[in-house]
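Worksheet: one structure, shown below.
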Amino acid sequence: MRRNVSLNLTQLGTAALLGALLLVPARAHAQDDVTLTMARERFKEGVSYFDKKDFPKARVAFLQAYALKKHPAVLLNLAQSELRSGHEADAAKHFAQYLREHKDATEAERQGAETGLTAAKALVGEVSLEVDAAGAEVYVDGDLEGMSPLAGSLYLPPGTHQVQAKKDGKTASGDVSVAAGQSSSLSLKLVTRPKPAGVGPAPAPVEPDAEEAPAPAPASHRQGFVPWVTSTPGAMIGVGLTGVGLIGGGAFAFGMKSSYDAADSVQAQIIEKAVTTDRKATSRGVCNEPENWLATSPVWSSATEAARADRARQYRENCDKYSDNVKSGDTFKTLAIVSFAVAGAAAVGTVVYYLVDSKQSSADTAKRSRGPRVLVLPVYQPGFSGGLISGTF
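So the mapping is simple: my numbering equals the position in the sequence shown, first residue as 1, plus 5.
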């Protein structure tokens with residue numbers, strides 16, 4: 006049986022003021038005007054609903070605002086709304102996230118979050134999860150919770166839940182029974198970690214004989230970087246790869262952000278439809294079995310099977326769109342990392358090549374100056390693209 010929660014918390018007007026401040030774009034960062042405007046409107050709606058004690062609608066509005074603008078004031082208001090609308094597990098998760106991530110919160114804000122977390126934990130179970138491999142996907146009752154290691158504990162409604170971890174084709178799962186106000190732990194093992202190979206002692210250095218001492222090197226000087234690049238084909242390739250890597254990394258990073266923003270927007274729409282239109286307490290499980298999920302809805306429980314199937318199809322399409330956007334964002338993220346890595350490797354390789362190759366003796370300089378030199382440069386202008394070949398013989 007759910008207990009009534011009574012808390013002495015700061016008036017939401019203070020949080021609204023914080024929200025107004027957070028939605029003012031900082032001069033040092035460029036903001037998407039459309040996204041910022043949407044976040045501001047959702048936040049204002051949440052404050053209005055909260056003042057009217059319509060906590061379910063306030064929760065949805067704050068959830069949408071946080072999907073558009075991740076800021077501590079929005080997160081704290083979301084947690085307070087979840088606690089008052091019967092979503093204690095989500096409230097505990099978000100109170101804990103607020104306390105963990107925002108160390109610069111004021112004393113009043115921190116006390117409010119701690120009080121809310123204590124009240125929420127009294128109504129849910131806390132599970133400390135350990136997975137023996139980092140980077141594994143963690144699922145709770147079929148819904149993705151995050152990547153191992155999780156930032157904090159799992160907070161689950163009383164009852165039995167299935168926790169699953171997946172990575173590189175390996176799967177581990179376990180059932181955990183939780184009770185209100187109780188804590189437990191669960192360990193999942195995907196693979197056995199291989200023991201590191203032993204490292205033997207390094208061989209003793211061998212001192213060269215005095216008779217084998219190298220002869221002194223002839224006088225040398227280092228060629229300037231730009232002249233060296235323009236006269237060394239390998240250097241031009243390195244500089245070109247550096248530029249391509251930087252440009253590609255920037256483009257892929259922009260694509261990653263756009264995809265993740267689109268995924269957050271679709272997720273917010275799914276939650277809004279689930280709570281406000283279909284009158285479900287939570288959207289958990291809607292993307293796994295939408296037909297069974299709708300069967301428990303007071304709106305669709307008495308509807309025809311065809312109507313319920315059509316509604317399930319709509320949810321399935323939006324869930325697929327959300328998954329596609331997340332996968333697209335992950336792909337762009339990987340490509341951005343690879344591009345920046347290529348740029349960094351090319352830049353380092355070019356510098357090392359320069360340090361090794363540009364130091365020449367006087368004899369080498371004279372020989373190179375007498376020998377033939379060929380320089381190929383790309384040329385682009387409106388109406389023409391090609392190359393310019395220049396040489397001395």
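Backbone N, C-alpha and C define an ideal beta-carbon position, used for all residues, glycine too.
Buried or exposed: Ala311, going by 16 or more other Cβ atoms within 10 Å of its Cβ?
exposed
Count the other CB atoms, across all protein chains shown, that sit within 10 Å of the CB of Ala44; report buried if there are 16 or more and exposed otherwise.
buried
CA-CA distance, Phe345 and Lys57?
About 50 angstroms.
Would Val136 pass as a contact of Ser153 if the rule is Cβ separation under 7 angstroms?
yes
With a threshold of 16 other CB atoms inside 10 Å of the CB of Asn82, please say whether the residue is buried or exposed.
buried
Quick check: the Cα distance between Ile276 and Ser189, rounded to an integer number of angstroms?
29 angstroms
Among Ser302, Arg289, Asp329, which has the Cα closest to the Cα of Arg316?
Ser302
Hey, could you find the ends of the beta strand (DSSP E) Gln399 is sitting in?
Only positions 6 to 398 of the chain appear in the structure, and residue 399 is not among them; the question remains open.
Note down, in chain order, each residue of its chain lying with its Cβ closer than 6 angstroms to the Cβ of Ser90, except the 5 sequence neighbours on either side.
Phe60, Pro61, Arg64
Report the three-state DSSP secondary structure of Val52 (helix, strand or coil).
In the structure shown, the three-state DSSP call for Val52 is helix.
Given a threshold of 16 other Cβ atoms within 10 Å of its Cβ, counted over all protein chains shown, does Asp109 qualify as buried or as exposed?
exposed
Would Tyr359 pass as a contact of Trp233 if the rule is Cβ separation under 7 angstroms?
yes
Can you find the residues in the same chain that come closer than 7 angstroms, C-beta to C-beta, to Trp298, ignoring five residues on each side of it along the sequence?
Gly290, Val291
For Gly130, the residue or residues it bridges with in DSSP
Leu161
When Ser182, Ala351, Glu294, Ala141 are compared against Gly250, the one with the closest alpha-carbon
Ala351
Secondary structure at Glu114, three-state DSSP: helix, strand or coil?
In the structure shown, Glu114 sits in a helix (DSSP, three-state: H, G or I).
Candidates Tyr320, Glu46, Arg284, Glu131, of which the one nearest Val304 by Cα:
Arg284
Do Gly349 and Gly243 have their C-beta atoms closer together than 7 angstroms?
no
Return the CA-CA distance between Arg115 and Lys98, expressed in angstroms with no decimal places.
15 angstroms
What are the boundary residues of the beta strand (DSSP E) that Asp180 is part of?
175-183
In three-state terms, what does DSSP make of Val347?
Three-state result, Val347: helix.
To the nearest whole angstrom, what separates the beta carbons of Tyr160 and Glu131, a pair I think is in contact under 8 angstroms?
6 angstroms
Exposed or buried, which one is Lys126 when buried takes at least 16 other CB atoms within 10 Å?
buried
Alpha carbon to alpha carbon, how far is Tyr2 from Pro295?
No information on residue 2 is available, as it lies outside the stretch 6 to 398 that the chain covers here.
How far does the alpha helix (DSSP H) with Ser2 in it extend, from its first residue to its last?
With the chain running from 6 to 398 in the structure shown, residue 2 is simply not present.
Alpha carbon of Asp325 to alpha carbon of Pro162, nearest angstrom:
27 angstroms
Once DSSP output is grouped into helix, strand and coil, what is the label at Tyr155?
For the record, residue 155 in the displayed sequence is Leu; it is not Tyr. If DSSP states are grouped into helix, strand and coil, Leu155 belongs with coil.
Decide if Gln272 is buried, meaning its Cβ has at least 16 other Cβ atoms within 10 Å, or exposed.
Residue environment analysis places Gln272 among the buried positions, since at least 16 neighbouring C-beta atoms fall within 10 angstroms of its C-beta.
For Ala170, I'd like the list of residues in its chain whose CB is within less than 8 angstroms of its CB, leaving aside the five on either flank, ordered along the chain.
Val136, Ala138, Ala141, Glu142, Val143, Tyr144, Ser153, Thr176, Ala177, Ser178, Leu193, Leu195
CB contact flag (Gln66, Glu50, <7 angstroms):
Note on residue identity: the sequence assigns Ala, not Gln, to residue 66. Yes, the pair counts as a contact, with Cβ atoms nearer than the cut-off.
Residues of its chain near Gln167, where Cβ-Cβ distance is below 7 angstroms and the 5 sequence neighbours each way are ignored
Asp146, Ser178, Asp180
Delimiting residues of the beta strand (DSSP E) encompassing Ser188:
188-193
Do you know how far the Cα of Glu150 is from the Cα of Ala31?
The predicted model places Ala31 with a pLDDT of 47, which falls under 50 and marks its position as unreliable; any figure quoted below should be read in that light. Answer to the nearest angstrom: the Cα atoms are 31 angstroms apart.
Mind reading off the beta-carbon distance from Ala267 to Asn330? Whole number of angstroms is fine, and I expect it under 8 angstroms.
5 angstroms
Contact defined as beta carbons within less than 8 angstroms: I believe Val347 pairs with Leu246. What is the distance between those atoms, to the nearest angstrom?
6 angstroms
Whole angstroms is fine: what's the gap from Leu340's alpha carbon to Tyr71's?
27 angstroms
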